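These notes are about the structure you will find just below.
Residue numbers (the UniProt record's numbering): 1 to 413.
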């Protein structure tokens, strides 16, 4: 039985009739520049073939019922009287999506929906965004709303960020809506560039440690703002001051350099110093990775400085046939180290998975998502190495693992 047949049968068992529309959206790998989307910095994500499916059938009434096969729970509400339940209720993602649609003038009436997902919940693979994006696409199909991928991504972001109050950036929603390997520019107008880089394979390791973005993002954002306030209280040249701001998203991070801030960073509190250094160094290393994937010319000095390895090591890597994958792997390991040492969102368990994966032949690995649990992703040459790496960690350090393929974005079936 294929997945679509399984979803249709699940809907029929629940409601006694077949769905009219089925939509699905991919989970995503938070590949590069983790924890930077809410600061307005570009991020690179990968849509993968672990998907969330939503089947739907409109009714002639104002009553809505949604059932999740994965958690065995249902949500019910009147379409004309929607409010959030709170308490991390799964139905709030769907309620918020309808609120966002109606706010923008889209007409949605009563319906019955069925959810079946292949994405582990709270695993760092964007499960909530895939749910929201797939649900909005199902509504789009069923009620002929004629939404573009960008509109779906923005509505999903509005539902989670503005209506539910989750302090997320746009990475998850855009990655799930567009799919593929994408460079997401998280400042207006939020352009998305498809990176046609298809070398290597990704593996995903589920640590089994669950986390909540709501517990992580606000603290890091507050710590950055404390440092920004301290910086702006100093006598700083105007050409630097003009690139700063009081809120975490206000600085022109991409225009700031560590060298120009160094004399002033030494005088702020240690935690905020680390958060700001993290922001600058993650972005610097991401730019290198983007150039590699785009096939752009890049100097040895630039690579050496950005990922803190010797020029001799860079020269040696550039003389290999798989130099691009090797450098991307080093960027991943560098970013994982920054996430642990300067952002404090890794755990010893995640670090151990990263070590074991790389010792098994992966080019590199890093945590995916907000951190403090969830998934670790690895970049490998082929499925043979991928299987070897997974066998090394599953059971000993992780609950599950997958070799994943890059997959399309949100679609109907």
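Beta carbons are placed, not taken as given, at the ideal position from N, Cα and C, and that holds for glycine. All values reported here derive from a predicted model rather than from experimental measurement.
> If we count the other Cβ atoms within 10 Å of its Cβ and call it buried at 16 or more, is residue 320 buried or exposed?
Replying inline: exposed
>> Any contact between the segment 96 to 108 and the segment 163 to 176? By contact I mean 3 or more CB pairs, one from each, below 8 Å.
In response: yes
>> For a test of the three-state rule: what should DSSP assign to residue 25, helix, strand or coil?
In response: strand
> Are the Cβ atoms of residue 43 and residue 28 separated by less than 8 Å?
Replying inline: no
>> Am I right that residue 117 and residue 375 are in contact with their C-beta atoms under 8 Å? What's the rounded C-beta distance?
In response: About 15 Å separates the two Cβ atoms, so there is no contact after all.
>> I'd like the span of the beta strand (DSSP E) that includes residue 52, first residue to last.
In response: 43 to 58
> Between the C-alpha atoms of residue 13 and residue 73, what's the straight-line distance to the nearest angstrom?
Replying inline: 15 Å
>> On a Cα-Cα basis, can you pick out the residue from 325, 366, 122 that is closest to residue 333?
In response: 366
>> Check this for me: beta carbons of residue 227 and residue 269, under 8 Å apart or not?
In response: Contact flag set, yes.
> Opposite residue 403 in the DSSP bridges: which residues?
Replying inline: Beta-bridge pairing links residue 403 to 203.
> Where does the unbroken alpha helix (DSSP H) through residue 337 begin, and where does it stop?
Replying inline: 323 to 341
> According to the neighbour-count rule (16 or more other Cβ atoms, all chains shown, within 10 Å of its Cβ), is residue 17 buried or exposed?
Replying inline: exposed
>> Tell me which residues share the same chain as residue 430 and place their Cβ nearer than 7 Å to its Cβ, disregarding the 5 neighbours each side in the sequence.
In response: Absent from the structure is residue 430, since the part of the chain shown begins at 1 and ends at 413.
> For the candidate residues 87, 142, 33, 383, whose alpha-carbon lies nearest to that of residue 23?
Replying inline: 142
> Which residues bound the alpha helix (DSSP H) around residue 8?
Replying inline: Per DSSP, residue 8 is one residue of the alpha helix (DSSP H) stretching across 3 to 15.
>> Along the chain, where does the alpha helix (DSSP H) containing residue 316 start, and where does it finish?
In response: Counting along the chain, the unbroken alpha helix (DSSP H) around residue 316 starts and ends at 311 to 318.
>> Checking the sheet assignment: what are the DSSP bridge partners for residue 68?
In response: 73, 115
> Just curious, the beta strand (DSSP E) that residue 365 is in, first and last residue?
Replying inline: 364 to 368
>> I need the DSSP call for residue 108, collapsed to helix, strand or coil.
In response: coil
> What's the C-alpha gap between residue 21 and residue 91?
Replying inline: 19 Å
>> So, with DSSP's three-state summary, where would you put residue 248?
In response: coil
>> Among the candidates 386, 399, 391, whose CA atom is the shortest distance from the CA of residue 405?
In response: 386
>> Beta-carbon within less than 6 Å of residue 70's beta-carbon, same chain only, minus the 5 sequence neighbours each way: which residues are those?
In response: Only 117 meet the Cβ criterion.
> How is the alpha helix (DSSP H) around residue 136 delimited, first residue to last?
Replying inline: 127 to 143
> Going by the CB atoms, is the gap between residue 113 and residue 132 shorter than 8 Å?
Replying inline: no
> beta strand (DSSP E) containing residue 193: first to last residue?
Replying inline: 192 to 194
>> Can you check which of these residues, 280, 325, 123, is closest to residue 368 by C-alpha distance?
In response: Answer by Cα proximity: 123.
> Over what stretch of residues does the alpha helix (DSSP H) that includes residue 277 continue unbroken?
Replying inline: 270 to 294
> How close, in whole Å, do the beta carbons of residue 128 and residue 120 come, if the pair is a contact with beta carbons under 8 Å?
Replying inline: The pair is not a contact, with the Cβ atoms about 12 Å apart (cut-off 8 Å).
> How big is the Cα-Cα spacing for residue 19 and residue 256?
Replying inline: 52 Å
> With DSSP run on the structure shown, which of helix, strand or coil describes residue 147?
Replying inline: coil
>> Considering only the alpha carbon of each residue, which of 236, 283, 272 lies closest to residue 264?
In response: 236
> Are the beta-carbon atoms of residue 25 and residue 137 separated by less than 8 Å?
Replying inline: Yes, these two residues count as a Cβ contact at 8 Å.
>> Which residue marks the beginning of the alpha helix (DSSP H) containing residue 393, and which one marks its end?
In response: Residues 383 to 393.
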